[in-house]
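K.L.:
Once you've had a glance at the structure underneath, I'll fire off some questions.
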Amino acid sequence: MDYKKTNAPLTTTVHDIIEMAEPTGNIYETVCIISKRANQIAAEMKSDLEQKLQEFATMNDNLEEISENREQIEISKYYEKLPKPTLIATQEYLEGKLAFRNLAKEKEDF
């Protein structure tokens, strides 16, 4: 998933929770689905950021040698301006891009 090209809002928006819960039939299940996806997105974003910042890591921890690195600051600012993982996950859910299933319901139907 390319979270950099998402059309998720940058700020919190209000949604009709009853309407959002229609695919699952349960508000709490809907929240759980969105939160699990948000955790996945957050882990992916953190991994990408750490990978990019690893290039700037120095082997010495000498305070005198630590200097301001402009590129590192720009990368950090870029990631700070991205939509939050919960907003991205909510947008994916609303657009029908999340696949989910309830194993408990599947066992009952079996």
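Heads up: the sequence shown is residues -1 to 108, going by our numbering.
In this text, a Cβ means the ideal position worked out from N, Cα and C, and glycines have one as well.
1. Among the candidates Ile32, Ala41 and Gln70, whose CA atom is the shortest distance from the CA of Phe54?
2. Kindly indicate which residue of Ala40, Glu104, Pro81 and Glu20 has the alpha-carbon position closest to the one of Thr4.
3. Check whether the Cβ atoms of Ile73 and Lys50 sit closer than 8 Å, and answer yes or no.
4. Return helix, strand or coil for Lys34, following the three-state DSSP convention.
5. Does the beta-carbon of Ala102 have 16 or more other beta-carbons within 10 angstroms, so that it is buried, or is it exposed?
P.N.:
Judging by the given coordinates:
1. Gln70
2. Pro81
3. Yes, these two residues count as a Cβ contact at 8 Å.
4. helix
5. When all chains shown are included, Ala102 counts as exposed.
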